[in-house]
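Okay, structure first, notes after.
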Amino acid sequence: MIPKSVDVSSLSGALRSADVAEQGSQDGPHLPPPARFHAAVDSAEHGSRSDDFGTVKVVVLTDGDFTGADCRDVAQAIKNDTGANTVIVQTPGPAAVVSDHFSRFELETHQHLLAGSVDPAATESFVQAMHGTHVPMGLIGSLILLGTAGAAGVAAVCARLFSRPPLKESSSQH
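Take full-length UniProt numbering: the last position of the sequence shown gets the number 174, and nothing is skipped along the way.
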């Protein structure tokens, strides 16, 4: 559930014309200059997996007590409102990422790099880790096909061996 303290419409409005939006109190953690976040966004949108990242938006929530599920709900709402392909939500506690192209497994494998930090270095580390994560679907598909063909071959051989008619005993009369 989206916490009442998070103004999704305001964040979405800011993200329609920017890559990074922050919400928090002046007493919260000091947010580094947005330009440092833009470098991470640029790396995502122009790196080796730029097609998978697509349009990236980063939300930094510096004030509040959030759960991972809260962060994921905020990320999903921002993604829906802005049309972004990938949304990263960072807080001083948990973090969350939602994406059109990355699997939840891929995202959650590296999401720990964002947790507990509103530092753009964490965002950059996450993006770099995602660039190195690729599920080789072609190879996996080929192995499944090869395994299925092998199993079919073994089944055919077994069927032929076990379906032969029994040898007739020669009836010899003495």
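For each residue, glycine too, the CB sits at the ideal point set by N, CA and C. Computed from a predicted model, the values in this text were never measured in an experiment.
Here the alpha carbons of Ala39 and Gln76 stand approximately 23 Å from one another.
Taking Thr86 as reference, the option from Ala115, Asp70, Thr123 with the minimal CA-CA separation is Thr123. In this structure Val6 touches Val74 by the C-beta definition: roughly 6 Å separates them, less than 8 Å. Of all C-beta pairs linking the region 90-100 to the region 8-22, fewer than three are shorter than 8 Å, placing the two stretches out of contact. According to the DSSP secondary-structure assignment, Ser99 is paired through a beta bridge with Thr86.
If you look at Gln128, you'll find it in the alpha helix (DSSP H) that goes 120-131.
When secondary structure is reduced to three states using DSSP, Ala21 falls in the strand class. In this structure Ala96 is buried. Its beta-carbon is surrounded by 16 or more other beta-carbon atoms within 10 angstroms. Sequence-distant partners of Ala44 (beyond 5 residues in either direction) whose C-beta falls short of 6 Å from its own C-beta, in its chain, are Phe53, Val56, Val127. Note: Lys79 is not bridge-paired with any residue in the DSSP secondary-structure output.
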